[in-house]
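> Start counting the sequence shown at 11; every next residue gets the next number (the working numbering). Take a look at this one; I'll ask things after.
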Amino acid sequence: MWDFFAEELEALRKRALDRHLREISSAQGPEVVIAGRHFINFSSNDYLGLANDPRLREAAASAIDEFGVGAGASRLISGTQSPHLRLERALAKWKGTEAALCFSSGYAAALGTIPALVTKNDVILLDKLCHASLIDGAKLSGALLRVFPHNHVGKLESHLEWARREHPGKRVLIITESVFSMDGDLAPLRELVQLKKQFGALLMLDEAHAIGVIGLNGRGVAAAENVSEEVDVQMGTLSKALGASGGYICGSRTLIEWLINRARSFIYSTAPPPAIAAAGLAAVDFLASPEGEKRRLLLWERIRLMRQLLPRAGLEEEDAAARSAIFPLVVGDEKAALDMAAALQSAGFLVPAIRYPTVAKGAARLRITVTAAQEEAQIEALCEMIKRRGC
Ligand SMILES: Cc1ncc(COP(=O)(O)O)c(C=O)c1O
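Structural data, given as structure tokens:
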């Protein structure tokens, strides 16, 4: 019965594509403990160091005192508790949209939202480097799916012309990310907005790696580029810079009401624990405060330091200024990337090797992430080690 899977696993191992869990026996932070040893952590999306922040811990603890642990039911039955609604109101205010809706994860937000917006007679145009959650949501919708080369505005335009010609009157949804999760580069958002307006398409933007990092008070690229109102569906997650857990969609009141009625991952799933919503709310409040903005600016100091010190070889855009907290050091070969990550780990640095299918075959990389919680000396030490090993 299991022979087939065992053989497939062996085949994965031979191609250096097998994956394993590693147990972290400490809280998330700039240092983590694995098997009793401390490692400097360059693998986390906790960009502002909020995952173990006292403000979030206290918010969660006091929500547990008041509301208990589980939500007990789905949001539409009796699982909507005050922290959920408080969080949604705060998210909408922070993002400057009419309304917001929370899901149990960013993945669930994509999986529920995309099929609620387009169906098998419609068209989706998706950037080639979009996250798996967006790809899966697009496939689940049954809409005609066309992938355009990464950030290629010209190709997107020709796809839009094709859709108008071949599928007149059908809904067209453009899906992209503002900061790409494995490359750290940004979408040409203004040009995308221009095109979506020209062709009457809808635009969905996943700001998972931008919020908390980019734009005043970390409101993301759409806000920073002053095009928030033109982005129809603003997606994000509370699980990265916001240090908690859960996905969200921000947009018009009509969009949110529609998702409450049609997004299956929202309707048919127990509401997120109220304490997690309370922690998310504490994170949003922090980001919107002067202290939160100070933390974000500290993150940018660290990002600039990393850009300055990290050897350029392997970096995709050699001369570009750092644009996010993600630094991909592209190695190519899967086994070589694993060996490099293992060498760094034995020197005390946790840097993940990212391989196919998360990135294309032969485009394996070390994905280094910077957080505001890291010390300058930790960043200097990593860069020194990378230089010494000639990575
Ligand atoms: C770009 C992007 N979108 C969505 C997600 C999913 O978010 P979550 O981890 O909250 O499910 C992730 C994270 O893995 C991501 O990197």
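Heads up, the beta-carbon is just placed ideally off N, CA and C, and yes, glycines get one too.
#1: My output table needs one value for E41: the three-state DSSP class, helix, strand or coil.
#2: Just to check, is the beta-carbon of K366 closer than 7 Å to a non-hydrogen atom of ligand 1?
#3: Between R65, R23 and I50, which has its C-alpha nearest T379's C-alpha?
#4: My assumption, with CB atoms under 8 Å, is that I266 sits in contact with L111. Please give the rounded CB distance.
#5: For L360 and M395, I'd like the C-alpha separation in whole angstroms.
#6: If you draw a straight line from the C-alpha of R274 to the C-alpha of T129, how long is it?
#7: V231 to L27, Cα distance in whole Å?
#8: I need the DSSP call for S279, collapsed to helix, strand or coil.
#9: Looking at C-alpha atoms only, which residue of N227, Q38 and Y366 is the closest neighbour of T381?
#10: Can you tell which of R375, L127 and R333 has the C-alpha that lies nearest to the C-alpha of S53?
#11: Does I87 come out as helix, strand or coil in the three-state DSSP assignment?
#12: Using 8 Å as the Cβ pair cut-off and three pairs as the minimum, do the segment 248–256 and the segment 58–68 touch?
#13: For the pair the segment 158–169 and the segment 130–150, tell me if three or more CB-CB distances fall below 8 Å.
#14: Sorry if obvious, but does the Cβ on S275 come closer than 7 Å to a heavy atom of ligand 1?
#15: What do you get for M245, buried or exposed, if any count of 16 or more other CB atoms within 10 angstroms of its CB means buried?
#16: Just to confirm before moving on: does the CB-CB distance between H94 and A289 stay below 8 Å?
#17: Just the C-alpha distance for G80 and G89, rounded to the nearest angstrom, thanks.
#18: Can you tell me where the alpha helix (DSSP H) with T196 in it begins and where it stops?
#19: For ligand 1, I want to know if Y117 counts as a neighbour, meaning its beta carbon is within less than 7 Å of at least one of the ligand's heavy atoms.
#20: Closest by CA to E201, which one among A292, S188 and G228?
#21: Counting Cβ pairs closer than 8 Å, one from the segment 207–223 and one from the segment 333–342, do we hit at least three?
#22: Using CA coordinates, which residue listed in E303, A292, E235 and M214 is at the minimum distance from G261?
#23: Since I believe A119 is in contact with A285 (beta carbons under 8 Å), could you give me their beta-carbon distance rounded to a whole number of angstroms?
#24: Decide if P321 is buried, meaning its Cβ has at least 16 other Cβ atoms within 10 Å, or exposed.
For this structure:
#1: Numbered from its first residue, the sequence shown carries residue 41 at position 31. Looking at E41 - three-state DSSP - the assignment turns out to be strand.
#2: If you number the sequence shown from 1, residue 366 lands on position 356. Checking the sequence, you will find Tyr at residue 366 rather than Lys. No, since every heavy atom of ligand 1 falls outside the 7 Å radius drawn around the Cβ of Y366.
#3: As a first step, residue 379 is located in the sequence shown; it is residue number 369 there, counting from the start. Ranking R65, R23 and I50 by Cα distance to T379 puts I50 first.
#4: On the sequence shown, position 256 is the one that residue 266 refers to. On the sequence shown, position 101 is the one that residue 111 refers to. Yes, they are in contact, since the Cβ atoms of I266 and L111 sit about 5 Å apart, within 8 Å.
#5: Reading the sequence shown from its first residue, position 350 is the one you call residue 360. Reading the sequence shown from its first residue, position 385 is the one you call residue 395. Straight-line Cα distance between these residues: approximately 12 Å.
#6: Here residue 274 refers to the residue found at position 264 of the sequence shown. Here residue 129 refers to the residue found at position 119 of the sequence shown. Those two C-alpha atoms are separated by around 14 Å.
#7: Within the sequence shown, the letter at position 221 stands for residue 231. Within the sequence shown, the letter at position 17 stands for residue 27. The straight-line gap from Cα to Cα measures roughly 33 Å.
#8: One-based indexing of the sequence shown puts residue 279 at position 269. S279 falls in the coil class under three-state DSSP.
#9: Counting from 1 along the sequence shown, the entry for residue 381 is found at position 371. Taking only the C-alpha atoms, the option nearest T381 is Q38.
#10: Working through the sequence shown from its first residue, we reach residue 53 at position 43. Closest by alpha carbon: R375.
#11: One-based indexing of the sequence shown puts residue 87 at position 77. Helix.
#12: yes
#13: yes
#14: As a first step, residue 275 must be located in the sequence shown, where it is residue number 265. No, ligand 1 has no heavy atom inside 7 Å of this Cβ.
#15: For the purposes of this step, residue 245 is taken as residue 235 along the sequence shown, with counting starting at 1. Label assigned to M245: buried.
#16: The count along the sequence shown starts at 1 and reaches residue 94 at position 84. The count along the sequence shown starts at 1 and reaches residue 289 at position 279. No.
#17: Within the sequence shown, numbered from 1, the residue matching residue 80 stands at position 70. Within the sequence shown, numbered from 1, the residue matching residue 89 stands at position 79. Approximately 9 Å, taken between the alpha carbons.
#18: As a first step, residue 196 is located in the sequence shown; it is residue number 186 there, counting from the start. The sequence as given places Leu at residue 196; Thr does not occur at that position. Per DSSP, L196 belongs to no alpha helix (DSSP H) and is neither H nor E.
#19: The count along the sequence shown starts at 1 and reaches residue 117 at position 107. Checking the Cβ of Y117 against ligand 1 gives yes.
#20: Against the sequence shown, residue 201 aligns to sequence position 191. Nearest C-alpha to E201: S188.
#21: yes
#22: Working through the sequence shown from its first residue, we reach residue 261 at position 251. For the residues E303, A292, E235 and M214, the minimum Cα distance to G261 belongs to M214.
#23: What you label residue 285 is simply residue 275 of the sequence shown in a count that begins at 1. What you label residue 119 is simply residue 109 of the sequence shown in a count that begins at 1. Between A119 and A285 the Cβ distance is about 20 Å, and since that is not below 8 Å, they are no contact.
#24: As a working note, residue 321 is residue 311 in the sequence shown. Burial call: exposed.
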